[in-house]
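2 protein chains.
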Amino acid sequence: MSAVDQAFHGLRRMIADGRLVAGQRIPPESDLCEELGVSRGSLREGVRMLAALGVIEPRHGSGTYVSQLRPEDIVGSLSLTVDLLPLTGLLEMYEIRRVLESHAAAQAAARITPESLSTIFAYMEAMEATEDPERVSALDQDFHAEIARVGGNPTLKSFLGVFRARSRAYQVFTLPEGPRIKRSSDEDHRAIATAIANRDPVAAAAAASAHVAHTERWLHAFLPRAPEPDPEPPASPESLSGA
Amino acid sequence: MSAVDQAFHGLRRMIADGRLVAGQRIPPESDLCEELGVSRGSLREGVRMLAALGVIEPRHGSGTYVSQLRPEDIVGSLSLTVDLLPLTGLLEMYEIRRVLESHAAAQAAARITPESLSTIFAYMEAMEATEDPERVSALDQDFHAEIARVGGNPTLKSFLGVFRARSRAYQVFTLPEGPRIKRSSDEDHRAIATAIANRDPVAAAAAASAHVAHTERWLHAFLPRAPEPDPEPPASPESLSGA
DNA sequence: CCGATGAAGTCATCTGATGACTTGGGAAGG
DNA sequence: CCTTCCCAAGTCATCAGATGACTTCATCGG
Chain C
75 MSAVDQAFHG LRRMIADGRL VAGQRIPPES DLCEELGVSR GSLREGVRML
125 AALGVIEPRH GSGTYVSQLR PEDIVGSLSL TVDLLPLTGL LEMYEIRRVL
175 ESHAAAQAAA RITPESLSTI FAYMEAMEAT EDPERVSALD QDFHAEIARV
225 GGNPTLKSFL GVFRARSRAY QVFTLPEGPR IKRSSDEDHR AIATAIANRD
275 PVAAAAAASA HVAHTERWLH AFLPRAPEPD PEPPASPESL SGA
Chain V
75 MSAVDQAFHG LRRMIADGRL VAGQRIPPES DLCEELGVSR GSLREGVRML
125 AALGVIEPRH GSGTYVSQLR PEDIVGSLSL TVDLLPLTGL LEMYEIRRVL
175 ESHAAAQAAA RITPESLSTI FAYMEAMEAT EDPERVSALD QDFHAEIARV
225 GGNPTLKSFL GVFRARSRAY QVFTLPEGPR IKRSSDEDHR AIATAIANRD
275 PVAAAAAASA HVAHTERWLH AFLPRAPEPD PEPPASPESL SGA
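Heads up: the sequence lines are chains C and V, in that order. Under the numbering used here, the first residue of the first sequence is numbered 75, with each subsequent residue one higher. Under the numbering used here, the first residue of the second sequence is numbered 75, with each subsequent residue one higher.
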């Protein structure tokens with residue numbers, strides 16, 4: 075076992091065993107070096123690894139603290155890596171996104187409040203009223219984030235946010251078919267919002283699933299040379315019957 | 075921006091921009107230090123951060139290489155952190171697990187081959203025939219992994235594997251109600267396997283969803299003091315109709 | 001042709017020193 | 001007594017230098 079691994083797993087063990095709890099300041103570097111039997115350099119590399127994973131947070135001048143270990147934060151650390159996936163890899167994750175976005179929409183339909191509903195409609199109508207790609211992107215983010223929030227699972231909201239952040243980078247609205255895509259996207263959003271307003275989880279799930287499938291198809295335009303393959307039909311078995 | 079951040083984001087940028095591609099060896103430490111304007115120590119900390127996230131892989135004596143950037147590997151890096159979540163946080167993720175396990179089972183039902191089917195039944199029957207917690211855990215892992223494999227999405231398989239690895243740590247079969255839980259689990263597995271054998275995605279999804287919900291309930295026994303709250307009905311809207 | 005050897009390249013680790021930042025207590029003033 | 005300011009201790013951040021360990025590959029001898 076390398077020195078860095080010793081430091082990494084040693085610290086990880088301390089947290090797993092409950093010796094260090096969420097929010098607590100961990101012992102200073104010099105103490106940990108002695109206990110774990112590694113030099114400061116190796117210890118710091120191990121600390122950085124845990125920090126990259128969102129488990130601990132060094133604060134200059136103050137100390138290093140165990141994070142709150144909230145699942146939404148842990149999932150959020152994926153945003154640093156999802157951006158690096160090749161597009162083909164990203165599209166492989168879209169099957170997962172489709173299922174989860176669908177679920178979140180269904181949950182939102184079941185739990186929607188009047189306040190959230192008007193917020194959602196406001197975002198949607200603002201989106202319909204503009205063509206500025208930048209603004210559309212921002213509103214799209216707000217629209218879906220609010221739906222995910224209403225869905226009630228912060229971890230799921232965070233997870234879906236990671237996907238959208240990556241997808242936004244592609245700026246599909248600047249494609250030649252941009253305007254057509256924009257109209258189609260607007261229709262999808264209205265279908266989702268309407269289903270939620272009707273408190274119809276099944277319709278909401280179906281609309282969200284279709285929306286993601288559309289996005290997936292548009293992103294194929296950015297693939298090097300792949301004229302819309304269709305290995306994964308947008309309407310999968312359980313989506314057909316269940317969403 | 076700190077020196078470590080400079081190193082981390084500098085390297086990340088090189089990969090995002092395509093200057094470093096999957097599988098490629100990155101320049102030696104000394105070159106990168108000069109280019110990024112940081113010392114070796116800081117550079118190495120940045121490298122370790124990317125390594126923890128599964129983006130690059132240092133090899134002693136040979137060099138540091140960009141990983142294959144497969145989404146299943148990236149998702150797999152979550153296994154290092156999911157183990158550290160408090161049980162309450164883990165249970166929050168179970169809503170996600172339930173939806174995805176359900177989806178994987180449905181996909182498996184649609185795509186099952188005779189060979190995989192007999193493998194799945196073999197695992198199931200072996201599980202039914204033993205009471206050894208260790209062996210049951212291993213077979214449970216194999217059973218679900220094979221279903222996820224047949225589902226056809228490696229990323230989803232990896233993601234579900236992360237959850238199961240954590241859940242196994244709890245050894246529910248050693249509880250006082252262990253034998254009862256074991257029988258219930260056996261029944262769940264048979265329901266899933268039968269639905270897949272019948273090529274019935276809807277039934278498979280429903281059975282898988284129920285199975286995860288059961289696991290969720292059993293894990294509540296390990297909570298400090300929470301007598302089975304039920305904020306999230308096992309049969310959520312779209313699960314009822316859609317799965 | 002093949003295996004052993006050695007040198008070069010690269011990462012791994014340790015040590016020591018200095019700088020930057022945060023924190024908390026104490027002194028000064030109100 | 002309370003508030004404000006300041007400083008000293010504690011802690012992380014960074015750099016520089018040196019040595020060790022491991023891999024790789026070309027070279028040499030059989």
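Where is the CB? At the ideal position from N, CA and C, for every residue including glycine. Source: prediction; values computed, not measured.
Given residue i as reference, the closest of the options once Cα atoms are compared
{"i": "V:Leu-94", "options": "V:Pro-228, V:Val-129, V:Pro-275", "result": "V:Val-129"}
{"i": "C:Gly-150", "options": "C:Ile-170, C:His-288, C:Ala-126, C:Val-140", "result": "C:Ala-126"}
{"i": "C:Arg-240", "options": "C:Glu-290, C:Asp-262, C:Gly-226", "result": "C:Glu-290"}
{"i": "C:Ser-104", "options": "C:Phe-247, C:Ser-176, C:Ala-81, C:Glu-131", "result": "C:Ala-81"}
{"i": "C:Ala-243", "options": "V:Thr-248, V:Ser-211, V:Asp-206, V:Ala-90", "result": "V:Ala-90"}
{"i": "C:Val-224", "options": "C:Ile-100, C:Ala-183, C:Ala-203, C:Gly-92", "result": "C:Ala-183"}
{"i": "V:Arg-264", "options": "V:Met-88, V:Phe-217, V:Gly-252, V:Pro-228", "result": "V:Phe-217"}
{"i": "V:Asp-274", "options": "V:Arg-185, V:Glu-208, V:Gln-142", "result": "V:Arg-185"}
{"i": "V:Lys-256", "options": "V:Val-276, V:Ala-269, V:Gly-226, V:His-288", "result": "V:His-288"}
{"i": "V:Trp-292", "options": "V:Ser-211, V:Ser-153, V:Ser-258, V:Arg-118", "result": "V:Ser-258"}
{"i": "V:Ala-222", "options": "V:Ala-179, V:Pro-250, V:Gly-92", "result": "V:Ala-179"}
{"i": "V:Leu-154", "options": "C:Asp-157, C:Met-167, C:Leu-159, C:Asp-79", "result": "C:Asp-79"}
Beta-carbon proximity list for residue i, same chain, < 8 Å, skipping 5 on both sides
{"i": "V:Arg-86", "result": "Leu-124, Val-129"}
{"i": "C:Ser-113", "result": "Ala-77, Cys-107"}
{"i": "V:Pro-102", "result": "Gly-137"}
{"i": "C:Glu-109", "result": "Gly-84, Pro-101"}
{"i": "V:Leu-117", "result": "Ala-81, Glu-103, Leu-106, Cys-107, Leu-110"}
{"i": "C:Thr-204", "result": "Val-210, Leu-213"}
{"i": "V:Pro-311", "result": "For V:Pro-311, the pLDDT reaches just 40, beneath the cut-off of 50, and the residue's location in the model is therefore unreliable, although a value from the coordinates is still provided. There are no such residues."}
{"i": "V:Met-88", "result": "Leu-94, Ile-100"}
Residue i Cβ short of 8 Å to the ligand MG heavy atom set
{"i": "C:Arg-257", "result": "In the structure on display, the ligand MG does not appear, and there are no ligands present to speak of."}
Nonlocal neighbours in the same chain, by C-beta distance under 6 Å from residue i, ignoring five residues either side
{"i": "C:Ile-194", "result": "Glu-220, Ala-267"}
{"i": "C:Ser-176", "result": "Ala-279, Ala-282, Ser-283, Ala-317"}
{"i": "V:Phe-237", "result": "Arg-171"}
{"i": "V:Pro-228", "result": "Glu-146"}
{"i": "V:His-285", "result": "Asp-262"}
{"i": "V:Glu-131", "result": "Tyr-139, Ser-141"}
Cβ neighbours of residue i in the same chain (closer than 7 Å, five flanking residues each side left out)
{"i": "C:Leu-174", "result": "Leu-230, Phe-233, Leu-234"}
{"i": "C:Ala-271", "result": "Leu-191"}
{"i": "C:Asp-260", "result": "Met-201, Glu-202"}
{"i": "C:Phe-296", "result": "Leu-161, Tyr-244"}
{"i": "V:Phe-247", "result": "Pro-207, Val-210, Ile-255, Lys-256"}
{"i": "C:Gly-226", "result": "Gln-181, Arg-185"}
{"i": "C:Ala-269", "result": "Ala-183, Ala-277, Ala-278, Ala-281"}
{"i": "C:Leu-65", "result": "With chain C running from 75 to 317 in the structure shown, residue 65 of chain C is simply not present."}
{"i": "C:Glu-97", "result": "Residue 97 of chain C is actually Gly in this sequence, not Glu. Excluding residues within five positions, the ones whose Cβ falls inside 7 Å are Tyr-139, Val-140, Gln-142."}
{"i": "V:Met-75", "result": "none"}
Three-state secondary structure assigned by DSSP to residue i
{"i": "V:Pro-188", "result": "helix"}
{"i": "V:Val-140", "result": "strand"}
{"i": "C:Arg-93", "result": "coil"}
{"i": "V:Pro-101", "result": "coil"}
{"i": "V:Ile-199", "result": "It is worth fixing the name first, because residue 199 of chain V is Glu in this sequence and not Ile. Reduced to three states, the DSSP call for V:Glu-199 is helix."}
{"i": "V:Pro-319", "result": "This structure gives no information on residue 319 of chain V, because the portion of chain V shown stretches from 75 to 317."}
{"i": "V:Pro-298", "result": "coil"}
{"i": "V:Arg-86", "result": "helix"}
{"i": "V:Arg-273", "result": "coil"}
{"i": "V:Glu-205", "result": "coil"}
{"i": "C:Ser-251", "result": "Note on residue identity: the sequence assigns Glu, not Ser, to residue 251 of chain C. Note: C:Glu-251 maps to coil in three-state DSSP."}
{"i": "C:Val-78", "result": "helix"}
Do the region 188-203 of chain C and the region 136-147 of chain C make contact, defined as three or more Cβ pairs closer than 8 Å? no
Please determine if the region 160-172 of chain C and the region 144-160 of chain V are in contact, where contact requires at least 3 C-beta pairs separated by less than 8 Å. yes
For the region 99-115 of chain V, enumerate the residues whose C-beta is nearer than 7 Å to any C-beta of chain C, in chain order. Gly-115
Can you pull out the residues from the region 166-194 of chain C whose beta carbon lies closer than 8 Å to at least one beta carbon of chain V? Flagged, chain order: Glu-166, Met-167, Glu-169, Ile-170, Val-173, Leu-174, Ser-176, His-177, Ala-180, Gln-181, Ala-183, Ala-184.
Against chain C: residues of the region 147-163 of chain V by CB proximity under 8 Å: Ile-148, Val-149, Ser-151, Leu-152, Leu-154, Thr-155, Val-156, Asp-157, Leu-158, Leu-159, Pro-160, Gly-163
Contact residues within the region 86-99 of chain C, judged by C-beta distance below 8 Å to chain V: Arg-86, Ile-89, Ala-90, Ala-96
In the region 196-227 of chain C, which residues sit with their C-beta less than 7 Å from some C-beta in chain V, listed in chain order? Within the region 196-227 of chain C, contact with chain V at the beta-carbon level (separation under 7 Å) is assigned to Asn-227.
Any residues in the region 243-271 of chain V with a beta carbon nearer than 9 Å to a beta carbon of chain C? Which ones, in chain order? none
Report the residues of the region 118-131 of chain V with a CB closer than 8 Å to any CB of chain C, ordered along the chain. Arg-118, Glu-119, Gly-120, Arg-122, Met-123, Leu-124, Ala-125, Ala-126, Leu-127, Gly-128, Val-129
Name the residues in the region 134-147 of chain V whose C-beta lies less than 7 Å from a C-beta of chain C; which are they? Leu-143, Arg-144, Pro-145
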